[in-house]
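When we follow numbering that gives the first Met the number 0, the leftmost residue of the sequence shown carries the number 0, and every step to the right adds one. Beta carbons are placed, not taken as given, at the ideal position from N, Cα and C, and that holds for glycine.
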Amino acid sequence: MSDPVHSRRGGGREAKRAARLGAVATFAPFIERKLPYVDLLGEEGLSLIEANAETILTEIGVEFRDDPEALEIWKAAGADVKGELVRMPPGMCRKLIQDHAPREFTQQARNPARNIIIGGKRTVFAPTAGPPFVRCLDKGRRYGTIEDFNNFAKLTYASPWLHSSSTAMCEPVDLPVNKRHFDMFYGNATLSDKCFFSAVSAPSRSQDCVDMASILFGDRWMNAETGEPNTCLAGVINGNSPLTFDATMLGAAKVLARANQATLITPFIMAGAMAPTGLAGAIAVTLAEAMAGMAFLQLVKPGAPVIFGSFVTTLSMQSGAPTYGTPECNLMINALLALARRLGVPSRTGGSLCASKIADGQAAYESAQTLLTTCMGGANFVLQSAGWLEGGLVTGYEKFMMDCDQLGMMQKMLGGYDLTENGQAMDAIRDVGPGKHFFGCAHTQANFETAFYRSPLADYDSWEKWEAEGALDIQQRANAAWKKVLAEHVSPALDEGVHEELCAFIDKRKASMPDANY
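Structure below.
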C-alpha cells in the first residue's frame, strides 16, 4: 500500500477516491467494543432455551459417528452411550465447558502486532471461507483456482478491516483435493502476516497444518511457561446437523485440540430442515449441538480453546433454498450470541451473508442486515465477513471490496461515542456561536480528515459530476479497487530459512502421496 495522500488537487472524484484507496488506514488487530450489547431475548426466554437444550442432551442425545475413540471418551466420563448415540447427564456439558474452556485466548499471527484476542468485548472479522466458485465483472462466475485464492489472501492482507484470513477464501479446484491444503497454507503464510486457519477436511490435513505452523512460527510455536504450543491456528468444525458429528470433523477437532489450536464448533442449522421452524426450537438444537462438541473437546484436552459457533438461517418454503438477512435469521443470531456469553465462551457467527447471485441491491441489504445484527449482538469472531454470494457458493471480488467498506463502518460504529474534550467540541460551539457555520473553524480544520468514516467506494458527488466522470456504479468502482490493491501488493518479509524449511516439508509430503480428488 502506498503512503497516505494528503493533496486535495489532481483530478476530481476519481483522484480523490484513488487517494482514499491508497491511503494507509490505521490497523487494529481486533475491535475493542465501546457499545453495550443489544440483547433481544430476556432472561426468561434465554433460561427456557437453556433448559430445552439440556433436555435435548439428556433425553434425545447426540450422535458421534464412526469414531470409537470418541465414544470411549464419553463413556469414561460417565455419559450414557448406546451404539453411536451419546446422552449426557444433566449439566455435564455446561460444567465441562465452564470449568475448562478459556473465556478468551490469543491467536498468534506471523506478525506479533497482528495477534488477535478472541473473547470479551472484542470483535474479529475474517473473510468468506469455502466457496468453490468465484465471480468478478470481467469473467463472470467460474470455478476458483489457486490464483484466485492467492488474490483473496492479498486482498485480506491489504484490508485494515479484516483481522484474520480464513481457510479457503475460495476452493482452488485446479489442485488435487488431498494436496490443496498445502498450497492454501503456503499462500496465507507468505502473502500475509495475519492470523489464519487450518484445513479440517481430513484429520491428516489438520495434522499437516499443525506441522507447518510449527515450522512457520519457529520459537514462537511453543509456550515456554506452559510447555505446550501457542494457539496459532483455528479450524471450523461443523456438526452434521442436526445433533450429529461425523468422523472427519471429530478427527480434525481432536488433532487441533490436542495441539492447543482453536476450534470453532459450529452447527450448520437451516430452520425447516436441520431444525424445526419454531425459532426457539432451532436455537435450542444449535445450543445443544455446540455444547456437545465443545464439552467433548474439553474431555479430549482440558483447556482447549473453543469458540461457540453458530451458522443459522431459514429455508424458503417455496424453493427449499436457504435465506439470509431475514428477521428470523437475525433473531436466532442475536439469541445465540447472548447464550454464548452466558456459557462463558467466545462466540462466532456469519458476517456479510446473502442469497443474491451478484453484488446487487439484494446482496447489499441482506448482508447489511446480517452484519449489523452480528455486530450489535456482540459476536467475537465474524467469519464470512467479506465476499459471500449465492448462499456461500461464490466469493465475489467486487462483493469482497464492498463488504470491506461495510466492515470499516462497523469498526467505526463499535468504537462508540467520543466523550473527550475534542468530541464534546464546546470550544468550537463557543467560537462559532449562533447563526454561523462550522466549516472554517479551527476544530473542523483539525478534525476533518478523521471526524467521519470515509468510504473508498461510495459516491457522494452531484448527479452531473457523477455522469461526467463515467456514471460508474459501485460494482464498477469496486472492480477498479480490487485490481489496484492486487497491482500494489508487496508480500511481508519471511525469514529465508523458515521459507526453505516450509517448502521442503510441503514438497516431501506432496511426493509421499498420489493425487486424489477426495
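query, result
"Could you name each continuous beta strand (DSSP E) segment of 3 residues or more that falls completely within the stretch 111-142, going from the start of the chain to the end?", "115-118, 121-124, 132-135, 139-142"
"Between residue 516 and the rest of its own chain, which residues show a CB-CB distance below 7 angstroms, the 5 nearest in sequence each way excluded?", "175, 176"
"In whole angstroms, what separates the C-alpha of residue 291 from that of residue 57?", "11 angstroms"
"For the alpha helix (DSSP H) that contains residue 429, what are its first and last residues?", "425-431"
"Around the C-beta of residue 134, are 16 or more other C-beta atoms found within 10 angstroms, so that it is buried, or is it exposed?", "buried"
"Just verifying my parser: in three-state terms, what is the DSSP assignment at residue 373?", "helix"
"Can you tell me the Cα-Cα spacing of residue 151 and residue 347, whole angstroms?", "21 angstroms"
"Using CA coordinates, which residue listed in 424, 72, 52, 51 is at the minimum distance from residue 299?", "72"
"Give the range of the alpha helix (DSSP H) segment to which residue 106 is assigned.", "Here residue 106 belongs to no alpha helix (DSSP H); instead the beta strand (DSSP E) covers 103-106."
"Specify the secondary structure class of residue 316 as computed by DSSP and reduced to three states.", "coil"
"Please specify which runs of the alpha helix (DSSP H), each continuous and at least 4 residues long, are wholly inside the stretch 237-272, giving them in chain order.", "246-257"
"Alpha carbon to alpha carbon, how far is residue 431 from residue 270?", "56 angstroms"
"Can you give me the start and stop residues for the beta strand (DSSP E) that residue 341 sits inside?", "Counting along the chain, residue 341 falls outside any beta strand (DSSP E), though it belongs to the alpha helix (DSSP H) covering 326-342."
"Hey, is the stretch 332-340 in contact with the stretch 295-315, meaning 3+ C-beta pairs nearer than 8 angstroms?", "yes"
"Is residue 256 closer than 7 angstroms to residue 66 when the C-beta atoms are compared?", "no"
"Could you give the residue range of the beta strand (DSSP E) that holds residue 79?", "79-81"
"Find the nearest neighbour of residue 85 within the set 69, 283, 326, 433, judged by alpha-carbon distance.", "69"
"Given 8 angstroms as the limit, is there contact between the stretch 190-209 and the stretch 486-500, that is, 3 or more CB pairs closer than that?", "yes"
"Tell me the DSSP secondary structure of residue 224 in three-state form.", "coil"
"Which same chain residues, not among the five before or five after residue 289, have their C-beta less than 8 angstroms away from its C-beta?", "238, 264, 265, 266, 307, 308, 309"
"Only counting the same chain, and skipping five residues up and downstream in sequence, which positions put a Cβ closer than 6 angstroms to that of residue 514?", "175"
"Tell me whether the stretch 314-333 and the stretch 83-103 touch, counting them as touching only if at least three CB pairs, one residue from each stretch, are closer than 8 angstroms.", "no"
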